[in-house]
Amino acid sequence: MNVLYGLLQPDSGEILVDGAPVRIKGPGDAIKVGIGMVHQHFMLVPVFSVAENIMLGAEPAHGGFIDHGKAVKLVREVSQRYGLPLNPDAIIEDLPIGIQQRVEIVKALTRDVDLLILDEPTAVLTPQETDELLEVMRGLKAAGKSIVFITHKLREVKAVADRITVIRRGRTVGTAEPTAPESELAELMVGRSVVLEVPKEAAVPGEPVLEIAGLVVADDREHRAVDGVDLVVRAGEVLGIAGVQGNGQTELVESIMGLRPARAGSVHLSGKPITTWHTREVLRAGVGYVPEDRSVDGLVKEFSVAENLVLDLYDLPPFGGRFALDLDAIEAQAEQKIAEFDVRTQSPHQPVGALSGGNQQKVIVAREMSTPLKLLIASQPTRGVDVGSIEFIHSRIVAERDRGAAVLVVSSELDEVVALADRVAVMYRGRVLAVVSPDTPRETLGLLMAGIDPSSSSHTPGTPASGEQDTQGEGMSEHGEAAS
Amino acid sequence: MTSHEPIEAEPGATAASPDKGPAQPTPGVDQYHVDPSLPAAGVEERHDQAERQPKHRAPAPEEGKRSFGRTFREELWANNNFTVTLLAIVLALICGGVLMVIGNAEVRDQWQYLLYQPGKTIGDTWAFVSTAYTDMFKGAVVNPDTVNRWYWNMTTWQQVFYPISETLTNAAPLIFTGLAVAVPFRAGLFNIGGQGQAIMGAIGGGTVGLALSLPAIVQVPLGVLAGALLGGLWGYLVGILKARTGAHEVILTIMLNNIAFLFLGWFILQQGIKDPARSDAISKPIQESGRLPQLIPDPLLRANLAIVLAVLAAAGVAWLLKRGRFGFELRAVGHNPHAAATAGIKVGTTVALTMALAGALAGLGGTSVALGTAPALTVDMLGQIGFNGILVALLGRVRPWGVVGAGLLFGALQAGGNAMQTFSGVSVELVGVIQALIVLFVAAPALVKAIYRLRRSPAAAAQAGLAKG
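The listed protein sequences derive, respectively, from chains A and B. Counting with our numbering, you get residues 1 to 484 for the letters of the first sequence. Counting with our numbering, you get residues 1001 to 1469 for the letters of the second sequence.
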């Protein structure tokens, strides 16, 4: 979609608008050919008024001065024509999220676009706001506009779409009518073509190592990203967390690691409460952590491979004493880990940023596995990693399990979760919808990931019914609005 | 230092030579005159190549056969840090020369007759500027006349070392304040507060120096410690406010500079501090037992223990950044605070301690003035050492030994500027302009590269290619 809007350039292929090929070099070109976009994260200036934001980039000027009256008039006109009431003089930051989104839509409409791209517009909306938005979309359709509506939520596509295209991993995997059953769509979404095989024995679960009870964690915008999660991970088993990205997995893991405070609930490690521990203490208690975004949280790119291999061990003997580092010990460690984990690097002194993604990830995995672990938390352990490295990392994770560590794997790739996990917990909107066996049919998992609980399934105790789910969502967003 | 002269001469001389025969350049100049033409030809050659290169995209076949000498020359002339810094200094000196001419009524007036007496105009200008810079060199490094006279027993050996002593005296506080900017820079913090921290250090060290009468062996270390401590606290305040409240360190340090400056003004007027024998705002003199000992006990050679401490501090910082456990944390936080936090490093604590260390270093800078060269505490005794420290750190590319080099250069410019004012009548303020210009050119490497048409270092290009592949 960023290609369509000119934010990215295609490597190959072409874009046809009204049958004619166009080259879109930037958002300006996109608007010229009649494509407008509403981004998932709003592109509004918070301290400007509604009219000012809508005019931004196309100010009706009057000899160097902005014609404010004309802008206000235009906003009134457009918002009336499409039934999108707005106060042109309101300041953006005072408005609720739903209205801000309406501003974005009106902004696109004032540019006279024919095609409107809505990129996950409902992710930030309350159910009521979502219903309103769906109504607006129907109105726009009636007014002759085309809409591309991107969402993860089956209910919404089925409610509003005329045609559904499923895209997975950068490819169109199928098209469907909105009348198609949800299970068919879910199957298209999660796919069944590629099944990763990780050779492993049956798990021998032991004592509970990680116990999470009623955990509530807020995200950066103060939404309840984790909304009452209960989980237990036992020694010698892999618990996989499946779910569409952004359903609270990141915040859950960060909270366990002491990187994000818990608002309620508790986390226990081998019976000890670690809810308020600092990250360093959690790591020292025998937790290995492979963070979700290696370039942001996992590595210091400018540091050498050797330095990154001790990034969270530098203060432990033999690498560091009270004041000094033992550079020889660090280098020896690097040589050994590079050999053991087959990190392809010219030397231990090369900056880690110069390595390929797979080798960077191996550096992190090697580092996190260099101390004896009670618990390994691996978030998206193979994202952006080549196939060879994926197999290697998977086998190391399973080896940790067999050694007796408890393993928590979080991945938005269902294949990965199913291949690695002994039990699969599906997260949706900050809650664990169900904990199921990895042998559960794909369709069932896909539906769970989309927030639909197949009522037939028997092994999902405590799953909220769909009615309940709505009120839960409402509570979540209200919390967010109050804070913003 | 004399190397700037030929460049200064070159444009003038070549411009003048086509028409009327100018005053014959001195043999010295002539000898230099050949030299610059070498790199100049090199530039053109390279310029051609740069133009050609985009046309044939394939690498030129002759590249493999480049001689070692040519490779060396190209590498030297490419835009590595050292070359850019050196050329920035040359460029700043040229600009300084232009300002000198503008500032001197006699030479400026002569330029009205450029078309009638081009030789005299250029010659006078050259003579004036080169004399001024020569005086600067004599005042900063060594004066050949003095050496000569010492050889004939007409003067003392102390006179020979006087310029160096002055340079070292001026350099010491600048190295301290430069380190006070360089260290936090490595942690991703911009410390504008060197001035305030140095003032607090001077107050701490100075108070111990003037109020106590202990044996020097006790009082001097005590004073130095007090200065480092007070400066450190002043820096820690910034760090803790940033870590706890997220306030920006640039704003905080600017404000604390003002507070420290005004506090110093108040402090020296207090009973027990102010000199009762004087009516102006000055403290009691620093006791002899509290002064930093001179390297060579001689009234002429002022250089004292401060320069030794400064070099030791630089060595300590270099060790800390390379091998220190805290240095590892500091660098990790500087490059990627998220990864540092994820690895269990306490980012807030690291920030606070880094600022405390920076404050202590700047405080030592202030103390080195208070217990070194200043007779007593006054409001303006520190001049701009805190702010000049920012320039020194940037010129030294925020590396400890780079800071030592930059501090020595700035100290030399300061010492030479005083001599230049005395002998050539060029205002010492020009030194400040030259210092600022050097850093300006260093900070805008694109400008220097464009002026000198530097090419990308072949080695660097190869590195970049590897990284991509």
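Each residue gets a CB set at the ideal place from its N, CA and C atoms; glycine is no exception.
In three-state DSSP terms, what is Met427 (chain A)? strand
What's the C-alpha gap between Leu1301 (chain B) and Pro348 (chain A)? 49 Å
Between Gln1195 (chain B) and Asn1257 (chain B), is the Cβ-Cβ spacing less than 8 Å? yes
Tell me, please, whether the region 1258–1278 of chain B touches the region 1199–1219 of chain B by the rule of three or more beta-carbon pairs shorter than 8 Å. Yes: at least three Cβ pairs fall under 8 Å.
Report the residues of the region 1350–1382 of chain B with a CB closer than 9 Å to any CB of chain A, ordered along the chain. none
Label Leu1262 (chain B) either buried or exposed according to how many other C-beta atoms from any shown protein chain fall within 10 Å of its C-beta, with 16 as the threshold for buried. exposed
Using the Cα positions of Gly36 (chain A) and Val3 (chain A), report the straight-line distance between them to the nearest angstrom. 12 Å
Using 8 Å as the threshold, is the C-beta distance between Gly286 (chain A) and Leu373 (chain A) below it? yes
Cβ-based neighbour list, Ala1040 (chain B), same chain, cut-off 7 Å, excluding 5 preceding and 5 following: Unreliable positioning characterises Ala1040 (chain B) in this predicted model, as indicated by a pLDDT of 38, which lies under 50. The coordinate reading is nonetheless provided below. Counting only Cβ-Cβ distances below 7 Å, and skipping sequence neighbours, we find nothing.
Beta-ladder partner(s) of Asp213 (chain A), from DSSP: According to the sequence as given, residue 213 (chain A) is Ala; it is not Asp. According to DSSP, Ala213 (chain A) bridges with A:Ser266.
In chain A, what lies closer than 7 Å to Asn1191 (chain B) by C-beta? Under the 7 Å cutoff, chain A gives no residues; its nearest Cβ is about 20 Å from Asn1191 (chain B).
Beta-carbon proximity list for Ala1182 (chain B), same chain, < 6 Å, skipping 5 on both sides: Ala1393, Val1398, Val1403
Please go through the region 309–362 of chain A and give each complete alpha helix (DSSP H) segment of 4 or more residues, from N-terminal end onward. Entirely contained in the region 309–362 of chain A, the alpha helix (DSSP H) runs reaching 4 residues are, in chain order, 327–340.
Express the C-alpha separation of Met1420 (chain B) and Gly1103 (chain B) in angstroms, rounding to a whole number. 14 Å
I want to see whether chain A comes within less than 8 Å of Asn1081 (chain B), judged by CB atoms only; does it? no
In this structure, does DSSP put Thr1167 (chain B) in helix, strand or coil? helix
Do Val305 (chain A) and Val343 (chain A) have their C-beta atoms closer together than 8 Å? It is a contact, given that the beta carbons lie within the stated cut-off.
Where the beta strand (DSSP E) through Pro21 (chain A) begins and ends: 20–22
So that I know if they touch, is there some Cβ in chain B lying closer than 8 Å to that of Phe392 (chain A)? no
Limits of the alpha helix (DSSP H) - the one that Ala382 (chain A) falls within: In the sequence under discussion, the amino acid at residue 382 (chain A) is Thr, which differs from the Ala named in the question. From DSSP, Thr382 (chain A) is part of no alpha helix (DSSP H); its letter is neither H nor E.
Quick test of your reading: Ala1370 (chain B) and Phe1176 (chain B), contact by CB under 8 Å. State the CB separation rounded to the nearest angstrom. With a Cβ gap of about 12 Å, Ala1370 (chain B) and Phe1176 (chain B) do not count as contacting.
Just to confirm, are Thr179 (chain A) and Thr172 (chain A) a CB contact at a threshold of 8 Å? no
What does Ala1517 (chain B) pair with, by DSSP beta-bridge criteria? For residue 1517 (chain B) there is no data in the structure shown, the boundaries of chain B being 1001 and 1469.
Kindly indicate the opening and closing residues of the alpha helix (DSSP H) around Val1404 (chain B). 1400–1424
Helix, strand or coil: which one does DSSP assign to Thr122 (chain A)? helix
Rounded to whole angstroms, what's the CA-CA distance from Ala20 (chain A) to Thr1253 (chain B)? Just pull it up for me. 59 Å
Closest Cα partner of Ala1314 (chain B) within the set B:Ser1424, B:Gly1407, B:Val1238: B:Gly1407
Give every residue of the same chain whose Cβ lies closer than 6 Å to the Cβ of Asp1222 (chain B), excluding the five residues on either side of it in the sequence, and list them in chain order. Contrary to the premise, residue 1222 (chain B) reads as Leu rather than Asp in this sequence. Hits under 6 Å: Val1208.
Is the region 406–420 of chain A close to the region 376–387 of chain A, with three or more CB pairs under 8 Å? yes
For the 8 Å Cβ check, are there 3 or more pairs between the region 1332–1348 of chain B and the region 1184–1193 of chain B? yes
Just the Cα atoms here: how many angstroms apart are Ala1171 (chain B) and Val1448 (chain B)? 26 Å
Any C-beta of chain B within less than 8 Å: which residues of the region 317–330 of chain A qualify? Gly320, Gly321, Arg322, Phe323, Ala324, Leu325, Leu327
May I ask you to list, following chain order, the residues of the region 1311–1323 of chain B that have a beta carbon less than 7 Å from some beta carbon of chain A? Arg1323
Residue-level contact to chain B via CB, Thr279 (chain A), 8 Å cutoff: At a cut-off of 8 Å between C-beta atoms, Thr279 (chain A) counts as an interface residue with respect to chain B.
Please determine if the region 1120–1138 of chain B and the region 1091–1102 of chain B are in contact, where contact requires at least 3 C-beta pairs separated by less than 8 Å. yes
Where Arg1153 (chain B) and Ile1438 (chain B) are concerned, what is the direct C-alpha to C-alpha distance, given to the nearest angstrom? The question names Arg, yet the displayed sequence has Asn at residue 1153 (chain B). Looking at the two C-alpha atoms, the distance is approximately 39 Å.
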